[in-house]
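Converting from the sequence shown to this note's numbering requires adding 1062 to each position, the first position being numbered 1.
Even glycine gets a Cβ: it sits at the ideal position worked out from N, Cα and C.
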Amino acid sequence: MVSRVIPVDDFDLVIFGGTGDLARRKILPGLYLRALAGQVPPDARVIGAARAENTDEEFRALVAEAIEEFVPAARRDPEAIAAFLSRLSYVAIDATGDSGWPRLKALMRPDVVQAFYFSVAPSLFGALAERLNTQNIAGPQARIVVEKPFGRDLASARALNATLAAHFDESQIYRIDHYLGKETVQNLMAVRFANILFEPLWKSEYVDHVQITVAETVGVAGRGAYYDKSGAMRDMVQNHMMQLLCLIAMEPPYHFDPNAVRDEKLKVIRALDPVPAQDIVRGQYLAGGGEGSYLADVENPASTTESYIALKVAISNWRWKGTPFYLRTGKRLRARESEIAITFREPPHSIFDDASGWKENVLVIRLQPDEGMNMKVMIKDPGPGGMRLVQVPLDMSYAEALGDAHDDAPDAYERLIMDVIRGNQTLFMRGDEVEAAWAWTDPIIEGWETRGDRPQPYDPGTSGPEDALMLMHRDGRRWREIKS
Ligand code: NAD
């Protein structure tokens, strides 16, 4: 299978924070890979902008190192790298100062797509947006790309939206949630809306419950100061897991169009019930402290921030009333694994005398590792002995099914940056969506803060705190195993 690459329009892309960690690890290697794939027009340029004084040559050397470090050897082509580096230039700019802007303006071409990637702390978004306007750099077709975190509660997200809206129209603002750029996450929409097979069953009448798991093996060492102010709820649930939940729960949009898709996601978020305290379990690895503990990683001996959270979420609409969505995510768990499991209900009546082997149908969508789908179905246990049932998987690995096309698929950042150039906002969060997600999240966080709840301890390498098991056991259900 051959992967198709559709070239995008000519562009100038400015990366504010072009020397930072995200630019080095994701944005610049991603752009190189798109250029390697032949998607980037010959004249398109990338301009790094950050506080430090660097020459173009110094910036190119930094990007060459980043490609060396973050692009797999098989895709490091010396000619393509040289050609990519020749597209780069650098401007020293302090977001809050006035120098550097005239040089940036002189570098920008007015007749091509202009994109400005704000890969800097959110506290600088306002200053950048304002200067792009007052210095007359951004044309009417300009796009800005902003990174997470988009606020830390409803009030700050609203303030951020208002700041950006003072200078840019919503159609020019691209809020990144890199989960939405993952092939498998986009595939959720294809599976649901390009097959008639699932839709008739996709409702509470047939779906017993949904589990969404994002498990990581890493802790927070190295980024403890940032993480400790955030925690699993703000870092994962309010954004990434919320998006997964929306893609599973939303109604079919009338068209695969940015606003049609985002309208449907917004309706799901607005239909989420408040979550009572008994439906929330927070954990912290080795809470209590000591070597390897969360407290040691964040260097705050009194921190009550959660590195794990499990929640039972209810969606109050016609489709999902009565079908709980269980979400869980955490650090230092047994394995790195992200999946969505849709468990169907029992048949209304069994015609078999011995249905002892019966188990529910489960559709598992694996996001990582080994992306794919697995449908657990019942068949007859082969051989003599009457009609005994056994559950078997109908298993599909994207890597096996799609071969090279899967291996060469762009990673989330590559895909999303090209979407910005194309002007397609489908996979970016709209301002009202982010605000609705915070409106649901805020009371949950305020609840545990007011109660003074402390996170439960759990051991690294496990599947999280004991109480999280109870969250499902008391409903007569169980979590799927996190497999190492
Ligand atoms: P970083 O600290 O590594 O880099 C910050 C960049 O901003 C540097 O290039 C620095 O020179 C520049 N900068 C700082 N102050 C400036 C100023 N006043 N004017 C102009 N430039 C200035 O940060 P990072 O990890 O690259 O993160 C950038 C943004 O991306 C943040 O909003 C972060 O939350 C977000 N983000 C990062 C990651 C990641 O993996 N690093 C993941 C998701 C989101």
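Item	Value
By Cβ distance, which residues of its chain are closer than 8 angstroms to Pro1103, with the 5 residues on each side in sequence left out?	Pro1069, Val1070, Asp1071, Asp1072, Phe1073
Out of Pro1164, Trp1382, Gln1518, Phe1146, state which residue places its alpha-carbon closest to the alpha-carbon of Val1153.	Pro1164
Could you tell me the alpha carbon to alpha carbon distance between Ala1322 and Val1272, rounded to whole angstroms?	24 angstroms
Does any heavy atom of the ligand NAD sit closer than 7 angstroms to the C-beta of Ala1157?	yes
Closer than 7 angstroms by C-beta to Gly1303: which residues in its own chain qualify, once you throw out the five before and the five after it? Chain order, please.	The identity of residue 1303 in the sequence shown is Met, whereas the question assumes Gly. For Met1303, where only same-chain residues beyond five positions count, the Cβ hits under 7 angstroms are Ile1274, Val1276, Leu1389, Thr1391.
With a threshold of 16 other CB atoms inside 10 Å of the CB of Met1532, please say whether the residue is buried or exposed.	exposed
So Val1076 and Val1482 are supposed to be a Cβ contact under 8 angstroms. How far apart are they, rounded?	Going by Cβ atoms, the distance from Val1076 to Val1482 rounds to 12 angstroms, so no, they are not a contact pair.
Please work out which residues of its chain come closer than 6 angstroms, Cβ to Cβ, to Gln1430, disregarding the five sequence neighbours upstream and downstream, and give them in chain order.	Ser1400
When we look at the beta-carbon of Ala1463 and count the other beta-carbons within 10 Å, is it buried (16 or more) or exposed?	exposed
Is it true that the CB of Ala1349 sits closer than 8 angstroms to the CB of Ile1377?	no
Answer yes or no: the CB of Asp1083 versus the heavy atoms of the ligand NAD, is any distance below 7 angstroms?	yes
Quick one: residues in its chain with C-beta nearer than 8 angstroms to the C-beta of Ala1221, no 5 flanking neighbours on either side, listed in chain order?	Gly1213
Please find out if some non-hydrogen atom of the ligand NAD comes closer than 7 angstroms to the beta-carbon of Arg1087.	yes
With H, G and I counted as helix, E and B as strand and the rest as coil, what does DSSP make of Asp1529?	helix
When you compare only the Cα positions, how much space is there between Gly1082 and Val1174?	26 angstroms
Determine the direct distance from the alpha carbon of Ile1310 to that of Met1251, and round the result to whole angstroms.	8 angstroms
By Cβ distance, which residues of its chain are closer than 6 angstroms to Ala1403, with the 5 residues on each side in sequence left out?	Gln1273, Val1424, Val1426, Arg1542
For a test of your reading of the model: does the CB of Leu1124 fall under 7 angstroms from any non-hydrogen atom of the ligand NAD? Yes or no.	no
So does Ser1181 have its beta carbon nearer than 7 angstroms to some heavy atom of the ligand NAD?	yes
In angstroms with no decimal places, state the Cα-to-Cα distance between Ala1183 and Asn1301.	17 angstroms
Once you ignore the five residues that flank Ala1142 on each side, which residues in its own chain have a CB closer than 7 angstroms to its CB?	Ala1097, Leu1098
Sort Gly1447, Ile1331, Met1295, Pro1455 by Cα distance to Ile1506 and report the nearest one.	Met1295
So, does the region 1331–1347 touch the region 1513–1529, judging by three or more C-beta pairs under 8 angstroms?	yes
Check for me: the beta strand (DSSP E) holding Tyr1370 runs from which residue to which?	1370–1375
Could you tell me whether the Cβ atoms of Ile1235 and Leu1226 are closer together than 8 angstroms?	yes
Would you say Asp1156 and Arg1113 are within 8 angstroms of each other, going by their C-beta atoms?	yes
For the candidate residues Arg1137, Ser1181, Arg1149, whose alpha-carbon lies nearest to that of Leu1169?	Arg1149
Would a C-beta distance cut-off of 8 angstroms place Leu1328 and Leu1489 closer than the cut-off?	no
DSSP puts Leu1334 in a beta bridge; with which residues?	Ile1377
What residues match up with Tyr1520 in a beta bridge as DSSP calls it?	Tyr1347
Suppose you measure from the CA of Met1063 to the CA of Gly1465; what does that come to, to the nearest Å?	Model confidence at Met1063 stands at a pLDDT of 46, short of 50, so the residue's coordinates are unreliable; what they give is reported in the following sentence. Approximately 7 angstroms, taken between the alpha carbons.
Is the region 1257–1269 close to the region 1405–1414, with three or more CB pairs under 8 angstroms?	yes
Are the CB atoms of Glu1314 and Phe1255 nearer to each other than 8 angstroms?	The amino acid at residue 1314 is misidentified as Glu; the sequence shows Pro. Contact flag set, yes.
Given a threshold of 16 other Cβ atoms within 10 Å of its Cβ, counted over all protein chains shown, does Phe1178 qualify as buried or as exposed?	buried
For Pro1336, I'd like the list of residues in its chain whose CB is within less than 7 angstroms of its CB, leaving aside the five on either flank, ordered along the chain.	Pro1505
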